[in-house]
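Asker:
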């Protein structure tokens, strides 16, 4: 079985600046609705990637989102309202399967139109902490209503945010990896 055909999602968040503070547009608390191409196990639903818990270990309480083993697997979050997205932060797994996200794509949509994409990316952490490993993508304030993380062959999850000043930041996005069935 190809380990790249499944996606594990950690946490995704998108930030927007509202009255001087960043707002995660993709977070469920802000109206973000997460979905993914499939669900590997009942404990690994899409909501695990936009619930505010950024830890990246599948075996820890609240875990990560995880898809089945399939080509084109993805995780995405639809925002409550369109927003100007300045940054998308993708957070990766922190257990022993962090390399499985590579390569991956970050895509922002407005309706059915793709307004931003970073394709064939290799995860290089620029945001670190205890059980946190993230990578930022500057998106130049494109207006979007949905963010998607997708593996080249499988996908991951993410979130985005917007600015009250009409410039959004899509920050703190967790992305997952593919996991072979025998490792779960």
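Residue numbers (the numbering used here): 8 to 191. Note that CB positions come from ideal geometry on N, CA and C, so glycine has one too.
1) So residue 123 and residue 131 are in contact, right, with Cβ under 8 angstroms, and what is the actual spacing, rounded?
2) State yes or no: is the C-beta of residue 143 within less than 8 angstroms of the C-beta of residue 94?
3) How would you label residue 63, buried or exposed, when you count the other beta carbons within 10 angstroms and need 16 or more for buried?
4) Is residue 69 buried or exposed, if buried means 16 or more other CB atoms sit within 10 Å of its CB?
5) Less than 8 angstroms between the C-beta atoms of residue 148 and residue 87, yes or no?
6) Which of the three DSSP states is assigned to residue 50 in this structure?
7) For residue 75 and residue 31, I'd like the C-alpha separation in whole angstroms.
8) Based on the DSSP secondary-structure assignment, which residues constitute the bridge partners of residue 108?
9) Is the beta carbon of residue 41 closer than 8 angstroms to that of residue 66?
10) Quick one: measure Cβ to Cβ for residue 98 and residue 140, integer angstroms, because I've assumed they're closer than 8 angstroms.
11) Just how far apart, CA to CA, sit residue 154 and residue 81?
12) Rounding to the nearest angstrom, what Cα-Cα distance links residue 162 and residue 78 in this structure?
13) Cutting at 8 angstroms between CB atoms, please list the residues of its own chain near residue 35, excluding the five before and the five after it.
14) To which residues of the same chain is residue 85 closer than 6 angstroms at the C-beta, ignoring the five residues directly before and after it?
15) Between which two residues does the beta strand (DSSP E) containing residue 67 stretch?
16) Using only CA atoms, which one of 158, 103 and 118 lies nearest to residue 109?
17) Using 10 angstroms around the beta-carbon of residue 127, count the other beta-carbons present and answer buried if the total reaches 16, otherwise exposed.
18) Taking a contact to mean a Cβ-Cβ separation below 8 angstroms, would you say residue 33 touches residue 73 in this structure?
19) Return the chain-ordered list of same chain residues with a C-beta closer than 7 angstroms to the C-beta of residue 52, the five sequence neighbours on each side being excluded.
Answerer: Short version:
1) In this structure residue 123 is not in contact with residue 131, their Cβ atoms being roughly 19 angstroms apart against a cut-off of 8 angstroms.
2) The answer is yes: Cβ separation under 8 angstroms.
3) By the neighbour-count definition (other C-beta atoms within 10 Å, threshold 16), residue 63 is a buried residue.
4) Counting C-beta atoms within 10 angstroms of its own C-beta, residue 69 has fewer than 16 neighbours from the protein chains shown and is therefore classed as exposed.
5) No. Outside cutoff.
6) Residue 50 falls in the coil class under three-state DSSP.
7) Straight-line Cα distance between these residues: approximately 27 angstroms.
8) Partner(s): none; residue 108 has no beta bridge.
9) Taking a C-beta distance under 8 angstroms as the contact criterion, residue 66 and residue 41 do not qualify as a contact pair.
10) The C-beta distance from residue 98 to residue 140 rounds to 7 angstroms, short enough to meet the 8 angstroms contact threshold.
11) Their Cα atoms are separated by approximately 10 angstroms.
12) With a pLDDT of 36 at residue 162, under the threshold of 50, the modelled position of this residue cannot be trusted, and the question is left open.
13) Within the same chain, 41, 54, 57, 58 and 59 come within 8 angstroms of residue 35 by CB-CB distance, once the 5 residues on both sides are set aside.
14) So the list reads 40 and 153, once near-sequence residues are dropped.
15) Run containing residue 67: none; DSSP gives neither H nor E here.
16) Minimum Cα distance to residue 109 is reached at 158.
17) When all chains shown are included, residue 127 counts as exposed.
18) No; because the gap between Cβ atoms is not below 8 angstroms, this pair is not in contact.
19) Only 46 and 72 meet the Cβ criterion.
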